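Have a look at the structure below before the remarks.
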Amino acid sequence: MLPEAKIPAGPMAEKWDNHKFDIKLVNPANKRKFKVIVVGTGLAGASASATLGELGYEVHAFTFHDSPRRAHSIAAQGGINAAKNYRNDGDSVHRLFYDTVKGGDYRSREANVHRLAQVSVDIIDQMAAQGVPFAREYGGLLDNRSFGGAQVSRTFYARGQTGQQLLLGAYQQMMRQVEVGKVTLHTNSEMLELVMKDGEACGIITRDLTTGEIAAHNAHAVVLCTGGYGNVFYLSTNAMACNVTAAWRAHRKGAYFANPCYTQIHPTCIPVSDEFQSKLTLMSESLRNDGRIWVPRSADESRSARDIPDAERYYYLEEKYPAFGNLVPRDVASRNAKTVVDQGLGVGPLKNGVYLDFSEAIGRDGKDTIEAKYGNLFQMYERITGEDPYTLPMRIYPATHYTMGGLWVDYNLMTSIPGLYACGEANFSDHGANRLGASALMQGLADGYFVIPYTIGDYLAPRLGDPLVSLDDPVFTDATKGVRDQINHFLSIGGTKSPDYFHRELGKLIWDYIGMARNQTGLEKAISEIRALREEFWKDVRVLGSNDTLNSSLEKAGRIADFFELGELMARDALDRRESCGGHFREESQTEENEALRDDINFAHVSAWEWHDPDTPQTKHAEELIFEEVKLTQRSYK
Amino acid sequence: MSGESLNLTLKVWRQDGAGAKGGFETYPAHQIPTDASFLEMLDVVNEQLIDAGKLPIEFPHDCREGICGTCGMMINGRAHGPEMGTATCQLHMRKFTDGDTIEIEPWRAAAFPVVRDLVVDRSPLDKIIEAGGYVSAPTGTAADANEMPIPKEVADSAMDAAACIGCGACVAACPNSAAQLFTSAKVWHLNSLPQGQPERFKRVEAMVETMEQFFGSCTNHGECTEACPKEIPQDFIAYLNRDYIKSKVKNRKLASQR
Amino acid sequence: MTAPATTKPKSSLQPLRKRRTPLPFPLNLYQTAVGKKWVMAVTGVMLLGFVLFHMAGNLKLYIGAVQEEGVYHYDADIYGEWLRDLLVPLFPRTWFLWLLRFGLIGAFALHIHAMYSLTRMNQSSNKVYSSKRDWLAANFASRSMRYSGILVLAYLLFHLADLTWGWIPGYDWERGHVHENVIGSLSNPVVAAVYIAANVLLSIHIFHGAYSMFQSLGVSNPTYNRLRRQLATALAAIVLIGNVSFPVAVLTGVIDTDDRVEHSVEAEESAQS
Ligand SMILES: Cc1cc2nc3c(=O)[nH]c(=O)nc-3n(C[C@H](O)[C@H](O)[C@H](O)COP(=O)(O)OP(=O)(O)OC[C@H]3O[C@@H](n4cnc5c(N)ncnc54)[C@H](O)[C@@H]3O)c2cc1C
Ligand code: HEM
Ligand code: HEM
Ligand code: SF4
Ligand code: F3S
Ligand code: FES
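Have a look at this one:
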């Protein structure tokens, strides 16, 4: 049974305020009697730890990184949305809410999204007060830029390093609580198990990545802020260490995993250059404002890009979508790139990219103007590819970038396990089937700063005086033993192939079958091939070394084991969702113009999957989505 | 683009742990594509080591786009290698020539003990931030962001400082193992902004004195700026020194008089 | 199996040194490295001022003998006399000079002590690389400060013994006969070589010191910062050219004795006091 989503009653605009008034509170003097574990110190985790610490809770924050500042939020470039309406261009909380629901292709919960839009304005105030050096105009006021999918300018930014600056702000705020002793920081500590007693979360088991020490930690509530699972694709724009382990181990303990097939592919990344490639680099989407996308018309084209006359160039986006041209949404741009590359029209040594050409813009505005706008991106491109984008067109190709799916949570951000919460990219909540640019940072901070600090009280208040579960309790000793056993098992397999080999192979399967376009045969094939590879993995993985020291192969093996199970669930979810929506494109469900075709009658729901055991497929629970404010329409960018 | 490849010899520092004795091991790195990044080159070597049943080289890395500050090693005597303003992960093999021998060592400083091979413990940098690298603005207390205009030049300069990725290359490159550049970057970021003024002198005092518990003293060699992937200028060290001396000399009651 | 019962984070790295309990102002300034470095810079400025002033004074050696009330004196000797007479109605004779000397001794003492203590701190913070460093910004001057400083100190002691106290045999040292003492001393090629070497080292010290002091003092303004390097180079060059010229000039006979100068008894006496 799916638990209540706990969406408050009342008009949309008042739900959150009513809810804050209705939920139970913990008296300030009593907060220190509660111990809360926060796993993850990205935007969501750092802001939650800082705020919970400020409120008086005893917070223990965990990260597998050597410093909280290394969380993957640091890599976000573009910006963060907020309905400030500083441009006076007609933005409002309602418009941001509307854009997000529409952008998510009507697969998100209205009430959650509305709350997100409401608190977005407080985030900017909070971050500015924290000393985040947002870009400013000469008058000293905050600057904005516009971002994909929105007709207003509501994106705040700090050069091309918005995520870094926001994370540093939240990290610094958390470090202040570390200094005053309200937050205890555990770095290099990877959560490997969730511990439960009587159906409620009561602690976690961690491994110290530098010493191998397995430790148990108890708490009154556990908050997972452990990021997304894009690395299941092996090649993605995510950092190398991003993984699903924390969320997955919670899933295995009973937390429902929602919408795993909603993954976002970003259209402007640098294509793979060789088989050793370890990760893909995102180039800001803003490039599409001035660059023209094309491929040669002929598959046998061998001339350099500059020598191909205009007539023999195929500006496929401009031809197919005259109104939006190169500015079509991310999923449309990505899928079209795949189509032309699949037709053999790709460019570059591996014929795996499309051109993003600035020659016209340089001719029109001058090199200096283009350099002022994109100089740092061009430099980054040149550093990675060794090509000068001022003279040769850039080569780009889509890459996995973000995962909308995640642990199912109710309005309070509590998962289906009482006492276990999920915030940030780790939960499924606000973006539906597709996330708008600059909205992930907003969501992470909204959850951490303004939602969880209030809603956690509702769970804790009635538990005042409850003792922590003792670390000697069998639930802890058994969980510790389970973790030890898995580690020892990996070390004893003595197979022939490295963990990375399996990860790469898994990634290829996922990309080919559960990537930008999915179909029934492919998905069925994916399930059986992932299973076969998983079996091989458990028999043949080679993990050298020992547990009692830094051992990256051992870390990877544990994470890849979880990716296998997740990959299978993604395929199953994609197979089950026989419609196209947002980032999920089923070839069987498209319009005549090859646009995603939703099926609102059968699929206007969240699919929340319940774990049984490794060999039994998960069961699906559907949470119907009810739209009170927004009218469902079919997207068209023609 | 090129599709060319290189044959290289690596001399890599291997060390089992903080207490253990380390030393260089020599490995061949053959058929490395020039398009590969430096870390991908290490990935390839590691795959070969694993195939041969040897322990892979542990090296620090994560984002591989030059922003998280995890990566970093001494490459041929230069922190982050031969390309200026570039973190190790953004360094590409086309900067090397066929037949090169590349020496790779971990960051070295008394406050950065080796964890294993090329990985060191940089937690003292967090301690410096913890001491005062923040603005005390508890969640929910903030006024509207546009109520405090900040001249664009000031915000830009603060951003220059805030660009630091905390990689520790400045310490690694400094002949004195001083963390002045890292500390000054955070101090200048916050001390130059209006939001940072109330805690300005307390902050610089606490951060400098914590820094000195772990690191050496700056004698203005300037190696740090050269090594810094974000090219944080040495000027910030001067601002740090100035504010620190002021923090001792100035009566805090008069702190509003800049 | 029991779980390792721990909810504490693993003990983080221990500091290399303790934070001192602050002494009252201004002593607290000297308790930290940044403060010590500031003191070094302030004393460095004083020393630099002295070196330049001293060099300018020594340029009088080139003037040779001048006529004063019909009697010939060496201009350098007059200058030495003038120093002793500084601010005379206000202070008794030589008092102010002694004040300056104490200032100078204090500056040297602080400069050297700070050097010692910071060097110790740096040595304990540092771990050397096994591979060869490829320096980009650090130069010979910046990396040899402590050695150039110590050698300058050694030279200074020799120099005082030579020209101020007259302990070095080889010529007839006479108090107050500055010009002749210098010629007596520096006409020995070995002594001249020591002077030349020492002043080359001093220039090297100044080449980095005069640049570094701006940073240490926190004097920084992006508009002018590029001038710091030029200024330091210029100062080093001035000291190099000026001070090296003296031994060279003596050896080549450009600075020479003048037969017209006769040391009167009164002059001797006044010099003794
Ligand atoms: C290249 C790139 C660019 C982006 N640009 C933008 C943008 O411009 N605008 C925007 O809004 N969004 C952007 N995003 C998305 C956005 O950055 C992320 O969705 C968001 O930062 C996620 O934050 P988080 O706090 O949920 O997770 P993360 O920042 O990923 O943090 C996860 C934390 O959990 C910890 N952790 C994970 N597992 C464990 C475990 N088992 N044990 C212990 N700790 C664990 C990690 O150490 C880390 O601290 C971008 C993403 C990428 C990849
Ligand atoms: C007349 C002689 C000297 C002059 C003019 C002089 C000048 C200076 C100056 C201007 C500085 C820069 C200060 C700063 O940046 O804080 C300096 C630094 C230094 N001096 Fe001297 N000094 C002299 C003698 C000495 C002596 C005798 C020693 C050692 C015994 C010494 C050792 C040092 C050291 C170690 C430094 C620090 C190096 C650095 O900042 O890079 N100096 N000196
Ligand atoms: C070639 C260069 C130099 C020459 C020719 C020279 C010459 C002299 C002479 C003649 C005196 C004695 C003055 C007197 O007794 O009245 C003297 C004193 C002194 N010199 Fe030099 N000097 C030289 C360089 C230096 C340098 C580089 C330093 C510093 C590092 C220095 C430091 C001193 C000091 C401290 C005294 C003592 C001053 C006093 O008694 O008040 N000299 N020098
Ligand atoms: S100042 Fe530069 S070198 Fe030092 S930690 Fe920051 S980014 Fe790295
Ligand atoms: S290299 Fe070191 S000495 Fe100072 S200027 Fe940089 S910290
Ligand atoms: S790996 Fe993140 S900065 Fe290099």
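Chains as they are written, first to last, in this note's numbering: chain G, 1 to 638; chain S, 639 to 896; chain X, 897 to 1169. Even for Gly, the Cβ is constructed at its ideal location relative to N, Cα and C. Being a predicted model, the structure only gives us computed values, none of them experimental.
Measure from the C-beta of residue i to each C-beta in chain S and report whether the shortest distance is under 8 Å.
i	result
G/GLU179	yes
X/SER1083	no
X/ALA899	Low confidence applies here, because X/ALA899 scores a pLDDT of 41, under 50, leaving its location unreliable; read the following figure in that light. No, its Cβ sits nowhere closer than 8 Å to a Cβ of chain S.
G/TYR386	Here residue 386 of chain G turns out to be Gly, not Tyr, going by the sequence shown. Yes - at least one Cβ of chain S is within 8 Å of the one on G/GLY386.
G/LEU671	This structure leaves residue 671 of chain G out entirely; chain G is present only between 1 and 638.
X/PHE1004	no
X/THR928	yes
X/ARG915	yes
Under a Cβ-count criterion, where at least 16 other Cβ atoms within 10 Å of its own Cβ denotes burial, should residue i be classed as buried or exposed?
i	result
S/ASN635	The requested residue 635 of chain S does not occur in the structure, where chain S is confined to residues 639 to 896.
S/PHE864	Per the sequence shown, residue 864 of chain S should be read as Glu rather than Phe. When all chains shown are included, S/GLU864 counts as buried.
G/TYR421	buried
G/GLY375	exposed
G/LYS683	No answer is possible for residue 683 of chain G: the residues shown for chain G start at 1 and end at 638.
S/ARG838	buried
G/ALA337	buried
Nearest chain X C-beta to residue i closer than 8 Å, yes or no?
i	result
S/VAL761	It is Ser, not Val, that sits at residue 761 of chain S in the sequence shown. Yes, its Cβ sits closer than 8 Å to a Cβ of chain X.
S/HIS859	yes
S/GLY707	no
S/TYR665	no
S/GLN851	yes
S/PHE662	yes
Whole angstroms are fine: how far does the CA of residue j sit from the CA of residue i?
i	j	result
G/GLY437	G/GLY79	8 Å
G/PHE537	G/ASP500	11 Å
G/THR400	S/ALA844	43 Å
S/MET786	G/MET127	13 Å
G/GLY140	G/PHE156	14 Å
X/ALA1133	S/ALA783	53 Å
G/PRO329	G/LEU413	29 Å
X/VAL1150	X/ARG1071	23 Å
S/ARG890	X/PHE1054	48 Å
S/ALA800	G/SER552	31 Å
Could one say the Cβ of residue i lies closer than 8 Å to chain G's Cβ atoms, at least one of them?
i	result
S/GLN818	no
S/CYS866	no
S/ALA780	yes
S/ARG746	no
Look at residue i and residue j and say whether their C-beta atoms are less than 8 Å apart.
i	j	result
G/SER153	G/ASP99	no
X/SER1021	S/GLY854	yes
S/ILE740	S/MET711	no
G/LEU350	G/VAL295	no
G/HIS220	G/HIS60	no
G/ASP388	G/CYS423	no
S/LEU756	S/PRO698	yes
G/LEU55	S/GLU696	no
G/ALA246	G/THR226	yes
S/ASP759	X/LEU943	no
- What are the complete beta strand (DSSP E) segments, minimum 3 residues, inside the segment 269 to 338 of chain G? 292 to 296
- beta strand (DSSP E) runs wholly inside the segment 62 to 131 of chain G, at least 3 long, in chain order: none
- Item | Runs of alpha helix (DSSP H) lying entirely within the segment 1033 to 1079 of chain X, each at least 4 residues, in chain order | 1036 to 1039 and 1041 to 1055
- Query: Could you give the uninterrupted runs of the beta strand (DSSP E) lying entirely in the segment 481 to 510 of chain G, keeping only those of 3 residues or more?
  - Reply: none
- Query: Which runs of the beta strand (DSSP E), 3 residues or longer, sit entirely within the segment 959 to 1004 of chain X?
  - Reply: 961 to 964 and 967 to 970
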